[in-house]
Amino acid sequence: MNAMLAPFCCDREERERDALSPREVLAVEDVRKTFEEGSQKVEVLRGVSLAVDQGEVVALEGPSGSGKTTLLSIMGCILTPSAGRIRIAGREVSGDEAALRDVRKRSIGFVFQQYNLFPALTAQENVEYALNVKGARGRGAAAEAARVLDLVGLGDRRRFLPRDLSGGQKQRVAIARALAGSPEVLLADEPTANLDTAVGTQILELFQKLAKDENKGLVIVTHDPKVRNVADRVVGIRDGRLSDPTEH
Amino acid sequence: MVSLARKNLLHDRLRFVITVAGVAFAVTLVLVQVGLFLGLLGKATVTIENSSADIWVTSRETPNVDFAHSFPETTVLRVRGVAGVEKADNAIVQFMNIMLPSGAEEGCLVYGLEDFSAWNLPWDVESGDPTELRRGDFILMDRSAERRFGPFEVGDYREILGHRFRIIGATRGAASFTTAPVVFMDFRRAQGLQQTVHNRTSYILVRVAPGHDAAQVAERIRAVTPYNDVYTRAEWAARSRNYWVVSTGLGMNMGITVFLGILVGIVVVAQTLYTSAVEHVKEFGTVKAIGGSNWDIYRILGEQALIAAVVGYAIGAAMSFGMRPLLAQLHLNVLVSPQFAATVFAGTVLMCLGAAMLSFKRVAGIDPALVFRA
Ligand SMILES: Nc1ncnc2c1ncn2[C@@H]1O[C@H](COP(=O)(O)OP(=O)(O)OP(=O)(O)O)[C@@H](O)[C@H]1O
Ligand SMILES: [Mg+2]
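Those protein sequence lines, which keep their order, are chains H and Y.
Numbering-wise, the first sequence is residues 28 to 275 according to the working numbering.
Numbering-wise, the second sequence is residues 81 to 454 according to the working numbering.
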């Protein structure tokens, strides 16, 4: 009996705790990353700690080569750190490849500077295929894809191939794809770098609204000063360490 | 399910056409070449397979049905005494010279039996009656002779080894591997034409009584005919066939053609799938970034290989089928059994999957981190 009840009571406790304090969805603690190029070692991250809560938008700023993409890759479980701990959706992430893949599948949505859409698939299919890879099949996947495309305002462009969409529209499809399957964390690397100012602003505002409405933790890596208008917090990174972004 | 494999194939339309053309080429080459080979080889055994003889008794070391040697005709009496033998008759199969109306001499292959109808020889009679053959100097000639001898009419006369015979009918489908046209005549007349077969025979045809096993009866016949070879129908057909496959180098030739067909297919498919895989590396990186495994990517390549195999095979098979009337005009018979067609299909699928595997190594190492690079 007790064994059967246990999961329910824990679940309720967890939910009560969530209701009281905003839940942390992503945390890295004292993360280090060293790349070895032949005999040369490059220390790219030198002890970075950062936590992101549900519904929080964090902007990560820093000069080129400061380690932003490296940090984002580690938070997205694409790279493993040389040292340090990562927690996603309340769970410690182990370094084993299958486990990392599983976290990417369930908890992470990526948005890239280059959009990285599948050119042969329509907007709808791009999102649906991502859901298929994540394990969702059939009508459920199609309906979920339609839902997220509506959220990004592309309900009427579902049958379009990426080549028939504008840059901003492509990035919206990419955002929809990242949202599909309801991951807890969204990670975006320079999402507005290929867009003009007005469109970039729209994309950032859309990002912020979705992160709030859908309760995602969102990290945006960018050089774009407009991000300060939508971010709850701006974090700087310099030479592999977090810094006060106002310094530069 | 959204099939990235299929959509990508159709997206790179030109490459897909090249892949499918490569597969279709390989399939056509194998089907037509092997089909022609089997069609040709069918001639080597067509009389064995159509006659109702379950067992053939031959002289020692006879290599194939066309190249008979002779042995005493009285051997048949011993064979008739063997338990399980329902009927046993002598049969002469002998090359003889035939004079054409033009005055040219040609060779023909004479089949001489006393009772043709008892042995289902000839099996496809266009006109005339084989039972009439024993009543005079008559022959039945196969229509395939027209290709070498020119047209003939029932009622024409032909001279065989200086002896005039009247053509009383025509048959179809009786052929020899040597291309010498087949002529049917009475056993005694055939015997009388040539010194070497006086009181001798080329074969003894044996029918096994119901309820008896041909192999066992053949074994018993061997015991009473120590100077002969005894074969069941299947053994004799295989021996005749193998003779031509080996002695003419046809088998080797066929092997090389099939090998080349498969090689071309593999090279084309492997090459196009590989360049396609390389071009889509970034997409595969994205698949991994969103949680896909190596297997998800292998499945994409495998599905593409499978589609190329199915479409290529369908086109190749249709082309082979379409070529048949053309080849038939050249008197070439393409023989493709359903089993052989199925084997080629399975081979095509294996070939394409094998070719896809060459790309597996390339995509296995894809680092999802490349999604962040321009
Ligand atoms: N796989 C790798 N192997 C070796 N060195 C690497 C690798 N990835 C990144 N680096 C190095 O790490 C450093 C930080 O790279 P990173 O891509 O994280 O910078 P970034 O802050 O994203 O820069 P940018 O703003 O130009 O995108 C660079 O010096 C880079 O050369
Ligand atoms: Mg970067």
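Positions of the beta carbon are idealized from the N, C-alpha and C atoms, including for glycine.
Which of helix, strand or coil DSSP assigns to residue i
i, result
"A33/H", "Below a pLDDT of 50, predicted positions are generally treated as unreliable, and A33/H, at 41, falls in that range; the measurement from the model is reported next regardless. Note: A33/H maps to helix in three-state DSSP."
"V114/Y", "helix"
"W69/Y", "Absent from the structure is residue 69/Y, since the part of chain Y shown begins at 81 and ends at 454."
"G341/Y", "helix"
"Y307/Y", "coil"
"V288/Y", "strand"
"G249/Y", "strand"
"R86/Y", "helix"
"Y191/Y", "strand"
"M265/Y", "strand"
"F218/Y", "strand"
"T428/Y", "helix"
"P90/H", "coil"
"S417/Y", "coil"
"A148/Y", "coil"
"A184/Y", "coil"
is_contact[residue i, chain H] using C-beta, thresh 7 Å
i, result
"T428/Y", "no"
"M332/Y", "no"
"P448/Y", "yes"
"A369/Y", "yes"
Cα-Cα separation between residue i and residue j, rounded to whole angstroms
i, j, result
"V367/Y", "A444/Y", "12 Å"
"V310/Y", "A298/Y", "6 Å"
"N88/Y", "P146/H", "8 Å"
"G183/Y", "W203/Y", "31 Å"
"Y378/Y", "N322/Y", "43 Å"
"D266/Y", "V165/Y", "23 Å"
"I247/Y", "D195/Y", "18 Å"
"E212/Y", "F218/Y", "8 Å"
"I230/H", "L340/Y", "57 Å"
"G117/H", "E51/H", "7 Å"
"T259/Y", "V126/Y", "13 Å"
"G94/H", "A426/Y", "52 Å"
"V160/H", "A104/Y", "32 Å"
"A136/Y", "D376/Y", "A small fix is needed here, since residue 136/Y is Trp in this sequence, not Ala. One C-alpha to the other measures close to 59 Å."
"S417/Y", "G122/Y", "12 Å"
"L94/Y", "T352/Y", "10 Å"
"L127/H", "C104/H", "5 Å"
"A3/H", "A207/H", "Past the boundaries of the shown model lies residue 3/H; chain H is included only from 28 to 275, so the question cannot be answered."
"L407/Y", "Q113/Y", "11 Å"
"R186/H", "P405/Y", "46 Å"
"A168/Y", "T281/Y", "12 Å"
"P210/Y", "V234/Y", "13 Å"
Partner residues on chain H for residue i, Cβ-Cβ distance less than 7 Å
i, result
"F452/Y", "T96, S100, F139, D216"
"G372/Y", "V160"
"T366/Y", "N143"
"D376/Y", "V160"
Test: residue i CB closer than 7 Å to a CB of chain Y
i, result
"N143/H", "yes"
"A157/H", "yes"
"V160/H", "yes"
"E152/H", "yes"
"R199/H", "no"
"I105/H", "yes"
"N256/H", "no"
"K239/H", "no"
"R131/H", "yes"
"R265/H", "no"
"R128/H", "yes"
Interface partners of residue i on chain H, CB under 8 Å
i, result
"T423/Y", "Near T423/Y there are no residues of chain H at all, since even the closest Cβ is about 34 Å away, more than 8 Å."
"L84/Y", "F145, A147, L148, Y156"
"K87/Y", "F145, A147, L148, E152"
Cross-chain neighbours of residue i in chain Y, by beta carbon under 7 Å
i, result
"M146/H", "A small correction: the amino acid at residue 146/H is Pro; Met does not occupy that position in the sequence shown. What P146/H touches in chain Y: H91."
"I247/H", "Under the 7 Å cutoff, chain Y gives no residues; its nearest Cβ is about 14 Å from I247/H."
"R118/H", "The contacting residues do not exist; R118/H stays about 15 Å from chain Y at best."
"R186/H", "Residues of chain Y passing the Cβ test: none, with the nearest at roughly 13 Å."
Residue i: contacting residues in chain Y (beta-carbon distance under 8 Å)
i, result
"L181/H", "Ordered by position in chain Y, no residue passes the 8 Å Cβ test against L181/H, which lies about 17 Å from the chain."
Partners in chain H for residue i, counting only beta-carbon separations shorter than 9 Å
i, result
"K362/Y", "Q141, N143"
Supposed close pair residue i, residue j - CB separation, criterion 8 Å
i, j, result
"A435/Y", "I346/Y", "5 Å"
"T428/Y", "G382/Y", "With a Cβ gap of about 14 Å, T428/Y and G382/Y do not count as contacting."
"L116/Y", "L412/Y", "6 Å"
"G102/Y", "V348/Y", "3 Å"
"S224/Y", "P261/Y", "6 Å"
Chain Y residues whose Cβ lies nearer than 9 Å to that of residue i
i, result
"R164/H", "M81"
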